Amino acid sequence: MATSYAGLLADKLESDGEKQQARMIRERLARAPMAVASAQGAGHGHMLGQMPTDNDSRLNTVDYSQPTLETSEVLLPDAIQNRLLEFIQCVEHHDALQRAGAAMPNRVLIYGPPGTGKTQTARWIAARLKLPLLTVRCDTLVSSLLGQTSRNLRRVFDYAQQLPCVLFLDEFDALAGARGNERDIGELQRVVIALLQNMDALPDSTVLVASTNHEQLLDPAIDRRFPFHIPMPIPDTALREGLWRKLLGSYAPDELDWKELASLSEGATGATIEHVSLDAKRSAVLAGQARAQKLVLLRRLGLTLALAKGERLTTTEQEIRWLRAWAQSHFTFRALAALYDLPLRQVQNLLNEDKGSRDGIQEKAEPGKKKRQPK
Ligand SMILES: Nc1ncnc2c1ncn2[C@@H]1O[C@H](COP(=O)(O)OP(=O)(O)O)[C@@H](O)[C@H]1O
Ligand SMILES: [Mg+2]
Numbered sequence: 443m444a445t446s447y448a449g450l451l452a453d454k455l456e457s458d459g460e461k462q463q464a465r466m467i468r469e470r471l472a473r474a475p476m477a478v479a480s481a482q483g484a485g486h487g488h489m490l491g492q493m494p495t496d497n498d499s500r501l502n503t504v505d506y507s508q509p510t511l512e513t514s515e516v517l518l519p520d521a522i523q524n525r526l527l528e529f530i531q532c533v534e535h536h537d538a539l540q541r542a543g544a545a546m547p548n549r550v551l552i553y554g555p556p557g558t559g560k561t562q563t564a565r566w567i568a569a570r571l572k573l574p575l576l577t578v579r580c581d582t583l584v585s586s587l588l589g590q591t592s593r594n595l596r597r598v599f600d601y602a603q604q605l606p607c608v609l610f611l612d613e614f615d616a617l618a619g620a621r622g623n624e625r626d627i628g629e630l631q632r633v634v635i636a637l638l639q640n641m642d643a644l645p646d647s648t649v650l651v652a653s654t655n656h657e658q659l660l661d662p663a664i665d666r667r668f669p670f671h672i673p674m675p676i677p678d679t680a681l682r683e684g685l686w687r688k689l690l691g692s693y694a695p696d697e698l699d700w701k702e703l704a705s706l707s708e709g710a711t712g713a714t715i716e717h718v719s720l721d722a723k724r725s726a727v728l729a730g731q732a733r734a735q736k737l738v739l740l741r742r743l744g745l746t747l748a749l750a751k752g753e754r755l756t757t758t759e760q761e762i763r764w765l766r767a768w769a770q771s772h773f774t775f776r777a778l779a780a781l782y783d784l785p786l787r788q789v790q791n792l793l794n795e796d797k798g799s800r801d802g803i804q805e806k807a808e809p810g811k812k813k814r815q816p817k
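In the numbering used here, the protein residues as written are 443 to 817.
Below is the structure:
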């Protein structure tokens, strides 16, 4: 509570024109040990002052949340996990490092393709540090009113200094794009300059996390201000297996070959695996089943990967052809007929039309299958 009164005092001093005093209090607050952060209500959503808003839209420009370790678990390759832990250590021991003259600003840039877990990692960092997460909504921040963006930015940075927190600039390439973009160049330059000024005025101890899908678009001056750069890769086979296991959980289909599933999902991000797993879970729950069905899961995965590859599958025939070509051993004629509720003959004709009769002969060779026509 003491910390929140201190924050209010800083507000009051500022409104009385005592900017210097207010700033000193806020700097001290930002340095307050983690224990104070939790004691003052990091776990109870106690906020200081008013949330910053955009004058134009009246929307809040930041989101306040309190992620927990349970809800923000993120699976990453060892080397990257270690790098993140190194960052956490530097934050936790910032004061000692500073006394030794070896401190770095508590800033990390997380970059990588969409869906690889950048936002989730920012949540994990906050949870791990037991600090609230202030996520900057860069879409709202970039105001339609010329000149407002820099003001919005200053409000956000001022606000973040009122309480111990992790300030998270999500997808911040919108703000920090290299000078000389298609958009109004003058405005963009002003935003980049404002961002640099705000970052430079931020105490080194304030934890700043930024994420971007386009690292190459960042202004080099901004890039340099982050001592930690953490790449988020598209998951490899081992990581994909871990993600499937975690996300399907007890809904995993019977007799699922995890290694095969991992290899079939080549190119999938964590977001894709989560999306497909949730879909398969939903189907199971709606069908009153305790586990997902393997073919339902594989079909969803196949169609999602097709979409990601830019395949436009608009008809049932196209879907069937794609699935068959993608994972023939699972999508037999019979399986496809059952999945799409079609006569077996129709599926056979469709696929034999394209690929000659090789698959058809194999299928017909299985005794007893030819005559039965699933409805
Ligand atoms: N490596 C990962 N480990 C755990 N979950 C992940 C991973 N990558 C993605 N996800 C899940 O996918 C969803 C989207 O991830 P997100 O962090 O929003 O991706 P990004 O910010 O990189 O676009 C989240 O719900 C997250 O839990
Ligand atoms: Mg994100």
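Quick reminder that beta carbons are idealized off the backbone N, C-alpha and C, glycines included.
Treat the numbers as computed from the prediction; the structure is a model and nothing was measured.
**Study point:** Residue list, Cβ distance to ligand 1 heavy atoms smaller than 5 angstroms
**Key:** Residues flagged by the Cβ proximity filter: 516, 517, 556, 557, 558, 559, 560, 561, 562, 712, 713, 716.
**Study point:** Which of helix, strand or coil DSSP assigns to residue 719
**Key:** Three-state DSSP puts residue 719 in a helix.
Point to revise | Supposed contact pair residue 738 and residue 722 - C-beta distance, whole angstroms, cut 8 angstroms | key: With a contact defined as Cβ atoms closer than 8 angstroms, residue 722 and residue 738 qualify at about 6 angstroms.
Exercise for review: Figure out for me which residue from 794, 766, 504, 682 has the closest Cα to the Cα of residue 716.
Suggested key: Here the closest residue by C-alpha is 682.
Practice item. Just the C-alpha distance for residue 704 and residue 685, rounded to the nearest angstrom, thanks. Key: Answer to the nearest angstrom: the Cα atoms are 9 angstroms apart.
Exercise for review: Within its chain, find whatever has a CB closer than 7 angstroms to the CB of residue 514; leave out the 5 residues flanking it on each side and keep chain order.
Suggested key: Once the five neighbours on either side are set aside, the close Cβ partners of residue 514 are 562, 565, 566, 569.
Check your understanding: Between which two residues does the beta strand (DSSP E) carrying residue 705 extend?
Key -> Run containing residue 705: none in the beta strand (DSSP E); it sits in the alpha helix (DSSP H), 700-706.
**Study point:** Among 547, 510, 542, 559, nearest to residue 522 - alpha-carbon criterion
**Key:** Ranking the options by Cα distance to residue 522, first place goes to 559.
Review point. Roughly how many angstroms separate the alpha carbons of residue 452 and residue 602, rounded to a whole number?
Key: Approximately 13 angstroms between the Cα atoms of the pair.
Exercise for review: Would you mind stating whether residue 792 and residue 759 have Cβ atoms separated by less than 9 angstroms?
Suggested key: Yes.
Check your understanding: Would you call the region 538-549 and the region 666-678 in contact, with 3 or more CB pairs under 8 angstroms?
Key -> At 8 angstroms Cβ cutoff, the stretches touch.
Check your understanding: Can residue 583 and residue 496 be called in contact, C-beta distance under 9 angstroms?
Key -> A contact, by the Cβ cut-off of 9 angstroms.
Check your understanding: Given that a residue counts as buried once 16 or more other Cβ atoms are within 10 Å of its Cβ, and exposed if not, what is residue 477?
Key -> For residue 477, the pLDDT reaches just 38, beneath the cut-off of 50, and the residue's location in the model is therefore unreliable, leaving the point undetermined.
**Study point:** Proximal residues to residue 718 (C-beta, below 6 angstroms), its chain only, five neighbours per side dropped
**Key:** Same-chain partners within the cutoff: 742, 743, 746.
Practice item. State yes or no: is the C-beta of residue 653 nearer than 8 angstroms to some heavy atom of ligand 2? Key: Checking every heavy atom of ligand 2 against the Cβ of residue 653, one is found closer than 8 angstroms.
Practice item. List the residues that DSSP assigns as beta-bridge partners of residue 506. Key: Bridge partners of residue 506: 576.
**Study point:** Neighbourhood of residue 655 by C-beta distance below 6 angstroms, restricted to the same chain and skipping five residues each side
**Key:** Around residue 655: 556.
Check your understanding: When the Cβ atoms of the region 603-618 are set against those of the region 644-660, are three or more pairs found closer than 8 angstroms?
Key -> Verdict: yes, contact present.
Exercise for review: Would you mind reading off the limits of the beta strand (DSSP E) that contains residue 654?
Suggested key: Where residue 654 is concerned, the enclosing beta strand (DSSP E) stretches over 649-654.
Practice item. Please find out if some non-hydrogen atom of ligand 2 comes closer than 8 angstroms to the beta-carbon of residue 512. Key: Incorrect: residue 512 has no Cβ contact closer than 8 angstroms to ligand 2.
Review point. Distance, Cα to Cα, residue 456 vs residue 465?
Key: Roughly 8 angstroms separates the two Cα atoms.
Exercise for review: Pull up the distance between the alpha-carbon of residue 690 and that of residue 450, whole angstroms please.
Suggested key: Near 46 angstroms, if we compare the C-alpha coordinates of residue 450 and residue 690.
Point to revise | Residues that residue 762 bridges to, as DSSP identifies them | key: BP columns for residue 762 are empty, so no partner.
Exercise for review: Within its chain, find whatever has a CB closer than 8 angstroms to the CB of residue 769; leave out the 5 residues flanking it on each side and keep chain order.
Suggested key: Apart from the 5 residues on each side of it in sequence, residue 769 sits with its Cβ closer than 8 angstroms to the Cβ of 706, 740, 744 in its chain, given in chain order.
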